[in-house]
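Be aware that the sequence shown starts at 1, since it is given in full-length UniProt numbering, and climbs by one per residue. Glycine included, each C-beta is placed from N, C-alpha and C at the ideal position. Here the structure is a predicted model, which is why all the values come from computation and not from measurement.
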Amino acid sequence: MIRIAVLSDPHLHDVRFGEPAGVPAFVRSLADSLHSTRVFNESEAAVRAALDAVAAEGIRLCMIVGDLTDDGQPANWQAVSDLLADYTRCHGIRFFATPGNHDQWSMTGKPLAKNMVDADGGVRACAGRDFPHCEGADICPGMRMVGYHDMMACAGELGYHPQRADLHWETPFGTAPDPARRASACDLSYLVEPVEGLWLLSIDANVYLPDGQGGYSDCSKEGWNAVLRHKSYLLDWMRDVAGRAGAANKRLVAFSHYPVVDVFHGCTTELARLPGSRAGARRMPEPEVTRAIAATGLQSHFSGHWHVDSTAQAEQGGLVNVSVPSTVSYPAGWKCLELSAEGASIGDRPLDAVPDFDAWFSRYRAEAARTRHGSSVMDAADYRQFLDRQFRTVVLKRRLSEDWPLGMRTMVENDSLADMVSRLGPVEMGLPDIPAADVFVDWYRLREAGGGAVADVSPERHALYTELMRTYGHRDFAPGSDEAVVVVFLRTLGLLLGGADNKRAALDRLRAVAVPC
C-alpha cells in the first residue's frame, strides 16, 4: 500500500520575519484576520500540528497543493523551507509542492504591504519598497513577493528539481531541470516517480501575461480557464503522461492549485446571474474546460485555493477533483490518500487541536480594546472554535457584501428565516425561529465543507433546508428582485446539501478505477 498525505494552503507566516532570535515584530493584526479567508499568526503552529499527525501515522510522502507561504515573502519562504526540511530529516517525509497564487509573482515579484499589531495593540503598516500609496508605513525591504527565479531557489527540493532517489523526473520541456527556462516560462510543472509504480503530476496552473506596461497581470482568478487559453501545451503533456502511465501500469495522481471540476456544484454560476453579485468574478472551470481536462485521461486531481473540503466528479470521463481544506481556514484539515491493489481511498483528517493556537491572544485583546472588534474570537476554547468564529465574522462582514446583491444584506441583518421566506408568499410550512444570519452562515458552512458533517449543520437543519429548497427553490420572480435573490439562495442551498452525496459518488468512482489510468 502507498499512503500519501495531502495538505493545502498552509500560508505560513513567520512572525519573526527571518530573525530567529529576534522579537516577534511581524504579528499580523486581528482586524486583517477577521477580513481574510485565513488566519495568519497561527499558521506555523497549524502546519506543525498537521505534519506531526502525518508523521505519527507513518506517512512518508506528502503533497502540498499550493500557497505554502503567506504571500511569497523571502522570510516566509525560508521559514517554510526550513520547517519542511526538519520533517524530512526527523521523520523521512518527502514533500512535493505545486505553485499557488500566493507563492510567487511572475518572474520579478512585487512589493507588498501588511498591517502588524504591537504588544500594546497598536497597528502599523509595513510596506515593501516601491509599494504605491504607502505614506506613513514602515518600509521593510523584505515585504515583497518573490518571482519564479527566487522561488525555485527556496523550493527546489519540493519536487521542482530531480533528486537522486527519483526513479523518473521530467517537465513539459524535457528531463533537464533547466531552471532558467522554466522560470522565464512561469511554469514549474513536473512529473516525478518517487517510489516504484507511483507517478505524481504537479501542474503549474498559474498564468501571468504581459500587461503592456513592462509588468504582468495575474490570471489566477480564472484558474484553469486561463490555462486552456494561454498554456494549452500543458494539456498535450498531460495527455501524453496519462497515456504512458496507463501503458506502464503506473498509478497517476495529479495536483495543481486550482480545481478542474466545479467543487461548488454550480452555486457560483447561479450567483453570477444575480445583479450586483461579484461571485462570478472568482470563477470555477467552465464545463468545456473540465471536459478538455477529462479528455486527457486524468482520473484523479487534488486542488486547493478555495480552502474548502469538497469532492466533485466531471460529467464525462470520470475525472474526480478532491478539493483539500486549508490548515488556516474553517474547516481546517488535510487528506490521506491510500493506494492499494483494491483501489484508492481518501480519508479526512480534521485539524481541530493545535497547540499554542492562542499564543497571540494577548495582542488581539489589546487591539480589540482599541477597536472594540473581535472580542468573541478570543473566547475560543480550541483551534476549531477559533476558526469557526473567525469564519462567521468573515461571512457576515465580507462574503455578504462581496457575493450577494444589496437586498440580501438587508434580509440577513434584519430578518428571521420566516421573514425571508414570507417574501415569496404565504409560508406553507412551520418554520423555527432562526435568524436569517444563522441560515446564511450555514450556507457557507455547507459550501466550505462540501455538504458533509464537518459543516456542523445539525440533521434537523439539513431536513429543514431540504424542504425549503423543494418548496420554494424553483419559483420564478422578476430578475433582480429580492424575491429572486431568496429563490437563488434556497436553490443553491439545495445544491450545497447535495455535496455529501456527490462526494460519496466521486469517491466510489476513485475506488473503481483505482486511480491509475
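**Study point:** Alpha-carbon to alpha-carbon, D70 and A77
**Key:** Before going on, a small fix: residue 77 reads as Trp here, not Ala. The alpha-carbon atoms of W77 and D70 are separated by roughly 9 angstroms.
Practice item. Going by DSSP, name the residue or residues bridged to L200. Key: V192 and V253
Review point. Just reading off the alpha helix (DSSP H) that C134 is part of, what are its end residues?
Key: Per DSSP, C134 belongs to no alpha helix (DSSP H) and is neither H nor E.
Exercise for review: Going by DSSP, name the residue or residues bridged to P111.
Suggested key: R144
Exercise for review: Using the Cα positions of H307 and A176, report the straight-line distance between them to the nearest angstrom.
Suggested key: 34 angstroms
Check your understanding: If you compare alpha carbons, which of F264, P74, A185 and R278 is closest to residue 588?
Key -> This structure cannot speak to residue 588, because the chain is shown only from 1 to 517.
Review point. Which class does D508 belong to by DSSP, given the choice of helix, strand or coil?
Key: helix
Exercise for review: Determine the burial state of S184: buried for a count of at least 16 other Cβ atoms within 10 Å of its Cβ, exposed for fewer.
Suggested key: exposed
Check your understanding: Which term fits K114, buried or exposed, when burial requires 16 or more other beta carbons within 10 angstroms of its beta carbon?
Key -> buried
Point to revise | Residue of P331, I293 and L84 minimising C-alpha distance to Q313 | key: I293
Check your understanding: So who's on the other strand from R94, going by DSSP bridges?
Key -> L61
Review point. Can you tell me where the beta strand (DSSP E) with N321 in it begins and where it stops?
Key: V320 to S323
Practice item. Using DSSP bridges, identify the partner residues of M116. Key: R28 and R124
Point to revise | Reduced DSSP secondary structure (H/G/I, E/B, other) of L431 | key: coil
Review point. Applying the criterion that 16 or more other CB atoms from any shown protein chain within 10 Å of the CB defines a buried residue, is R38 buried or exposed?
Key: buried
Exercise for review: Can you tell me which of S416, A332, L493 and D419 puts its alpha carbon nearest to the alpha carbon of R10?
Suggested key: It is Pro, not Arg, that sits at residue 10 in the sequence shown. With distances taken between Cα atoms, P10 lies closest to A332.
Review point. G197 to I2, Cα distance in whole Å?
Key: 10 angstroms
Point to revise | Residues near D403 in its chain [Cβ-Cβ closer than 8 angstroms; skip 5 each side] | key: L271, S277, R278 and A279
Exercise for review: For my contact list, A75 and G147 are in at a C-beta cut-off of 8 angstroms; report their separation, rounded to the angstrom.
Suggested key: With a Cβ gap of about 16 angstroms, A75 and G147 do not count as contacting.
Review point. Once you ignore the five residues that flank M378 on each side, which residues in its own chain have a CB closer than 8 angstroms to its CB?
Key: D358, F361, Y364, R365 and A368
Review point. Expressed to the nearest angstrom, what Euclidean distance is found between the alpha-carbon atoms of residue 519 and P459?
Key: Residue 519 lies beyond the stretch modelled for the chain, which goes from 1 to 517, so this question has no answer here.
Practice item. Going by CA-CA distance only, name the one from I59, F17, D211 and F40 that's closest to G5. Key: According to the sequence provided, residue 5 is Ala. The question's Gly does not apply to it. Per the Cα distances, I59.
Point to revise | Local Cβ density within 10 Å of N101, reported as buried at 16 or more and exposed below that | key: buried
Practice item. Leaving aside the five residues before and after V421 along the sequence, list all residues of the same chain whose C-beta is less than 6 angstroms from its C-beta, in chain order. Key: V427
Check your understanding: Going by the CB atoms, is the gap between M408 and V485 shorter than 9 angstroms?
Key -> yes
Review point. Do R423 and D482 have their CB atoms nearer than 9 angstroms?
Key: yes
Practice item. Given a cut-off of 9 angstroms, decide if A127 and A119 are closer than it, judged by their beta-carbon atoms. Key: no
Check your understanding: Which partner residues of C336 appear in the DSSP bridge assignment?
Key -> A5 and G347
Practice item. Output yes or no for whether 9 angstroms exceeds the beta carbon distance between V394 and S36. Key: yes
Check your understanding: Helix, strand or coil: which one does DSSP assign to Q390?
Key -> helix
Check your understanding: Going straight from the alpha carbon of A500 to that of V65, what length do you get?
Key -> 22 angstroms
Check your understanding: Which of the three DSSP states, helix, strand or coil, is assigned to C517?
Key -> Its pLDDT being 39, under 50, C517 is placed unreliably in this model, and the value from its coordinates should be taken loosely. Residue state, collapsed to three classes: coil.
Point to revise | Beta-carbon proximity check, Y160 vs L201, cutoff 9 angstroms | key: no
Point to revise | Chain-order list of residues whose beta-carbon lies under 6 angstroms from that of V289 (same chain, five-residue window excluded) | key: W224, N225 and L228
Point to revise | Limits of the alpha helix (DSSP H) - the one that D442 falls within | key: A436 to E448
Practice item. Just tell me which of Q73, V441, I346 and K335 has its CA closest to the CA of L112. Key: Q73
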